[in-house]
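Residue numbers (this note's numbering): 19 to 173.
Reading through the structure tokens given below for one structure.
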């Protein structure tokens, strides 16, 4: 399965980045809890979904998720697949809150998603992996990942 970049990827990415930056600015009447929730539950997804045709067709997909996507009648079914943030959203949020305005783009550049199966997602969230981050979690539990843009094994 070949990666298909969204035809408005550049505009969508710019919009998602602008949203994060706007949420990070001081806004009278908006609590930090509400700001953090909007970044964590909405804006970070918009970053990782901006480039692809849909959130279950990201550049990186586990081999098992790719198999499902190629053979299921409803490959976009969220009962089977999960849009997983390789760098956990909570970690990204913590970095963004502490960052100076000129560091935000670098942090946003580091955000990557990978579509995985529900079972893989559960294993990736295991407490035994709490000290591992990013792709290290995938390596530790041996989740093989395919790069659908280069059409090659990534992990």
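We put the CB at the ideal spot given by N, CA and C, even for glycine.
Query raised in the report: Does the pairing of the stretch 45–60 with the stretch 136–143 give three or more beta-carbon distances under 8 angstroms?
Result: no
Query raised in the report: Near residue 63, what residues of its chain come up, given a Cβ to Cβ distance below 6 angstroms and the 5 sequence neighbours on each side ignored?
Result: none
Report task. Would you kindly report the start and end of the unbroken alpha helix (DSSP H) that includes residue 96? Result -> Looking at the DSSP string, residue 96 is not in any alpha helix (DSSP H), and its letter there is neither H nor E.
Query raised in the report: Which full runs of the alpha helix (DSSP H) of 4+ residues lie inside the stretch 60–97, going along the chain?
Result: 62–67, 81–89
Requested in this report: Check residue 167 in the structure and name its three-state DSSP category.
Outcome: coil
Report task. Output yes or no for whether 8 angstroms exceeds the beta carbon distance between residue 152 and residue 104. Result -> yes
Query raised in the report: Ordered along the chain, which non-local residues of its own chain (more than five positions away) have a Cβ less than 8 angstroms from that of residue 101?
Result: 63, 66, 67, 73, 74, 76, 131, 133
**Report entry** Secondary structure, alpha helix (DSSP H): runs of 4+ residues fully inside the stretch 101–131
**Finding:** 107–116, 122–127
Report task. Put residue 38 into one of helix, strand or coil per three-state DSSP. Result -> helix
Query - Simplified DSSP assignment, three categories, for residue 23 - result: strand
Requested in this report: Verify whether the separation of the beta carbon atoms of residue 135 and residue 82 is less than 8 angstroms.
Outcome: yes
**Report entry** Bounding residues of the alpha helix (DSSP H) (the contiguous stretch that carries residue 149)
**Finding:** Per DSSP, residue 149 belongs to no alpha helix (DSSP H) and is neither H nor E.
Query raised in the report: If you draw a straight line from the alpha carbon of residue 25 to that of residue 37, how long is it in whole angstroms?
Result: 20 angstroms
Query raised in the report: residue 50 lies in the alpha helix (DSSP H); which residues open and close that run?
Result: 50–56
Query raised in the report: Can you tell me the Cα-Cα spacing of residue 28 and residue 123, whole angstroms?
Result: 15 angstroms
Requested in this report: Check the C-beta distance from residue 42 over to residue 114 and give it rounded, since I have them as a contact under 8 angstroms.
Outcome: 6 angstroms
Query - Beta-carbon proximity list for residue 19, same chain, < 7 angstroms, skipping 5 on both sides - result: 84, 87, 88, 166
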